[in-house]
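Reviewing the structure listed below.
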Amino acid sequence: MFPAGQKDLDLLRWQIATTVLEASEDLTDMCCVCSAENLDNPEQDENTTWIACDVCGSWFHHVFVAFPNTAETFVRMAC
Numbered sequence: 001m002f003p004a005g006q007k008d009l010d011l012l013r014w015q016i017a018t019t020v021l022e023a024s025e026d027l028t029d030m031c032c033v034c035s036a037e038n039l040d041n042p043e044q045d046e047n048t049t050w051i052a053c054d055v056c057g058s059w060f061h062h063v064f065v066a067f068p069n070t071a072e073t074f075v076r077m078a079c
């Protein structure tokens, strides 16, 4: 029988989340909105600007996050 205490459930959730993350692809060079990849893709429009969240490092096309000032700290809403 599976132990069903809160600590046991929390540990199981942690193990599942860790397993899923370890098996996932590297998403560091992907726009979190449209899933476009590769920040240095030469096929992209030369006017395409990317910005990274200063908290989590997730990347976004500038247009999807309301054109924030790139000279200031950018923190996405989820952070």
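Just so it is clear: in the sequence shown, position 57 is 57 by the UniProt record's numbering, and no numbers are missing. For each residue, glycine too, the CB sits at the ideal point set by N, CA and C.
Check the Cα spacing between Ala71 and each of Leu12, Ala4, Cys53, Cys31: the tightest is with Cys53.
In the three-state DSSP reduction, Ala52 falls in the strand class (E or B). When only Cα atoms are considered, Val65 and Cys31 end up about 11 Å apart.
DSSP, read as helix, strand or coil, puts Phe64 in helix.
Rounded to the nearest angstrom, the gap between the Cα atoms of Cys79 and Phe60 is 14 Å.
Taking 8 Å as the cut-off, the beta carbon of Val55 is found closer than this to the beta carbon of Val75. For a cut-off of 8 Å, the C-beta gap from Asp29 to Glu22 is around 18 Å, too long to register as a contact.
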